[in-house]
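See structure below.
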Amino acid sequence: MAFFLVKFIGQEGTILTKRVEAVTQEEAISLSGVSDNVIQSVVVDHFGGIRAALTDRRLPMNEQVLALITLASKLESGKTLGRAILESVDFEKLGISREDLARCDLPAEYFKLLRFDETALLLADAGDRSGKLADSLKRAAETLRSRERTRKEFAKPMFTAVLYGIVGVAAGIGFPLFGGSMMHKFVYEQKLPIEVTKISEILMGLNTLYSTQWHLMLLAVVLGFVFKKRLWEVTRGWPVLQLFDNRTRVKRGLEFIQAYQLLTTSGYTNPMVFKFLHERSTGEPRIMYETAQQALVEGREIGEIFDDPAWPRIISQNLQGFEEQTPDGRARILENLTEALTEIFTQYSQRIAGLVGKIAMLVLVSSILLFALGFYVPLVTMRPGM
């Protein structure tokens, strides 16, 4: 989904803005609760995701898992979902009032308001439709717990790589700014007898570049963020970025298999599954699920649908003849696929973490050598008689 800024005329005649997460502008208008007559404009908020990550309060994943298990238990004891949430979820910590909860009708609306993971929303909706909400919440809790374990395995090496990356970027900018400016001052202003080497010229050149062209660099970063989708389409096949693209495809496949298994267990047929996922997705996945829906209408088997470069090949290989299997056989295939895709996802994550760490270390070492050979060595070898 994307974030939209809905500008409208308030009761006092002032222009007000409301940020809404939706798939389309029409859906944003509907979810905003604002009358069409007073809406001035609806535009995409390109920085909405960053703003939401910084300002929206969410329950930690382990607390979401615990809450889902507790809610499922209370539902089994005969309580309504609204009552169970009032008793078990610290919604006030999220800035949500009882009045906000009272406006919710469907389970998915409750979990969206509480900013639960998308998996909880998906399964809450599926469980509500099938009449097995408690079971769906238990499955959502188990899925989130498994995903959190995988995330932690990836986070350990990635944390070190990101730390090296931050230090490397800081060194790559800081050393030239300090060393280059000081060298320029010593050589051209104070006229010290320093022998300027090629490396010293590179150091001063980087200082000039950073000092005079920083606004263009900042503009390039902003434009890159705004047009990140188009930029990604161009660069996704590059040697290093291809790892990220492969990891994204595996993650997409893993999320589909998990959702497919959970939805079919809740009584969904194949057309219902793809229709449901199409409605709840956005961007490239939305187009892919729409294509899958059309393929099902044409009578193609599910294994043939995933014979596409956008999906991991292991999915199409394992789903060939899937409809001919017994229910137990299908369950085993999906479980094996989940385990295999999780392992592949972890391997890609570890490779990315290792590669990012090596690149960051290379930048850090290069920056240190540049400073040492371009600034420190010329100073200590300076001869007064030159």
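Mapping of the sequence shown onto our numbering: position 351 corresponds to residue 1444, and the numbering continues sequentially without gaps. From the three backbone atoms N, C-alpha and C, an ideal C-beta is built for every residue, glycine too.
Quiz item: Phe-1204 and Phe-1464: beta carbons closer than 8 Å?
Solution: In the sequence shown, the residue the question calls residue 1204 occupies position 111. In the sequence shown, the residue the question calls residue 1464 occupies position 371. No, the pair does not count as a contact, with Cβ atoms beyond the cut-off.
Self-check item: Three-state class that DSSP yields for Glu-1246 in the structure shown
Solution: Translated into the one-based positions of the sequence shown, residue 1246 becomes position 153. Helix.
Practice problem: With DSSP as the reference, label Ala-1195 as helix, strand or coil. | Solution: The sequence position of residue 1195 within the sequence shown is 102, counting from 1. Helix at Ala-1195.
Quiz item: For the region 1230 to 1294, which segments carrying the alpha helix (DSSP H) assignment without a break, of at least 4 residues, lie completely within its bounds, in sequence order?
Solution: 1274 to 1277
Exercise. Take the Cβ of Lys-1167 as the centre, count every other Cβ of all protein chains shown within 10 Å, and call the residue buried at 16 or more, exposed below.
Key: In the sequence shown, counting from the first residue as 1, residue 1167 sits at position 74. Lys-1167 should be labelled buried.
Quiz item: In whole angstroms, what is the alpha-carbon distance linking Val-1289 and Val-1315?
Solution: Translated into positions along the sequence shown, residue 1289 becomes position 196. Translated into positions along the sequence shown, residue 1315 becomes position 222. The alpha-carbon atoms of Val-1289 and Val-1315 are separated by roughly 36 Å.
Quiz item: From Leu-1324 to Glu-1241, what does the alpha carbon distance come to, in whole angstroms?
Solution: Indexing the sequence shown from 1 puts residue 1324 at position 231. Indexing the sequence shown from 1 puts residue 1241 at position 148. Cα to Cα, the separation comes out at about 30 Å.
Quiz item: Among all the DSSP beta bridges, which residues are the ones paired with Thr-1110?
Solution: Walking along the sequence shown from the start, residue 1110 turns up at place 17. Thr-1110 is bridged to Lys-1100.
Practice problem: Report the option in Lys-1368, Val-1136, Ala-1248 and Gln-1104 whose CA atom is closest to the CA atom of Thr-1117. | Solution: By 1-based counting over the sequence shown, the position of residue 1117 is 24. Ranking Lys-1368, Val-1136, Ala-1248 and Gln-1104 by Cα distance to Thr-1117 puts Val-1136 first.
Exercise. Quick one: residues in its chain with C-beta nearer than 8 Å to the C-beta of Ile-1178, no 5 flanking neighbours on either side, listed in chain order?
Key: Here the question's residue 1178 lines up with position 85 in the sequence shown. Closer than 8 Å at Cβ, skipping near neighbours: Leu-1164, Phe-1184, Leu-1194, Tyr-1203 and Leu-1207.
Practice problem: In the DSSP assignment, find the unbroken alpha helix (DSSP H) run with Ser-1442 in it and report its ends. | Solution: Start at 1 with the first residue of the sequence shown, and residue 1442 comes out as number 349. 1420 to 1464 is the extent of the alpha helix (DSSP H) around Ser-1442.
Quiz item: Distance, Cα to Cα, Gln-1351 vs Thr-1431?
Solution: Position 258 of the sequence shown holds residue 1351. Position 338 of the sequence shown holds residue 1431. The straight-line gap from Cα to Cα measures roughly 7 Å.
Quiz item: How big is the Cα-Cα spacing for Val-1158 and Leu-1299?
Solution: Numbered from its first residue, the sequence shown carries residue 1158 at position 65. Numbered from its first residue, the sequence shown carries residue 1299 at position 206. Their Cα atoms are separated by approximately 50 Å.
Exercise. Decide if Glu-1348 is buried, meaning its Cβ has at least 16 other Cβ atoms within 10 Å, or exposed.
Key: Here residue 1348 refers to the residue found at position 255 of the sequence shown. Label assigned to Glu-1348: buried.
Quiz item: Can you tell me the Cα-Cα spacing of Glu-1416 and Gly-1188, whole angstroms?
Solution: Along the sequence shown, one-based indexing puts residue 1416 at 323. Along the sequence shown, one-based indexing puts residue 1188 at 95. Answer to the nearest angstrom: the Cα atoms are 47 Å apart.
Quiz item: Relative to the alpha-carbon of Pro-1402, which residue among Arg-1342, Thr-1439, Lys-1368 and Phe-1367 has its alpha-carbon at the smallest distance?
Solution: As a working mapping, residue 1402 is identified with position 309 in the sequence shown. Residue Arg-1342 is the option with its Cα nearest to Pro-1402.
Exercise. Could you tell me how far apart the beta carbons of Phe-1279 and Ile-1292 are, in whole angstroms, since I believe they sit closer than 8 Å?
Key: On the sequence shown, position 186 is the one that residue 1279 refers to. On the sequence shown, position 199 is the one that residue 1292 refers to. The Cβ separation is near 15 Å, so there is no contact.
Quiz item: Which stretch, first to last residue, makes up the beta strand (DSSP E) that contains Ile-1189?
Solution: Residue numbering aside, residue 1189 sits at position 96 when the sequence shown is read from its first letter. Counting along the chain, Ile-1189 falls outside any beta strand (DSSP E), and DSSP gives it neither H nor E.
Quiz item: For Leu-1237, which option in Ala-1160, Leu-1270 and Tyr-1281 has the closest C-alpha, if you only look at C-alpha atoms?
Solution: To locate residue 1237, count along the sequence shown from 1; it is residue 144. For the residues Ala-1160, Leu-1270 and Tyr-1281, the minimum Cα distance to Leu-1237 belongs to Ala-1160.
Practice problem: Within its chain, find whatever has a CB closer than 6 Å to the CB of Ala-1201; leave out the 5 residues flanking it on each side and keep chain order. | Solution: For the purposes of this step, residue 1201 is taken as residue 108 along the sequence shown, with counting starting at 1. Excluding positions up to five away in sequence, the list reads Leu-1214, Ala-1217 and Asp-1218.
Quiz prompt | Residues that DSSP places opposite Ser-1134 in a beta bridge | solution = For the purposes of this step, residue 1134 is taken as residue 41 along the sequence shown, with counting starting at 1. Looking at the DSSP assignment, Ser-1134 forms a beta bridge with Lys-1100.
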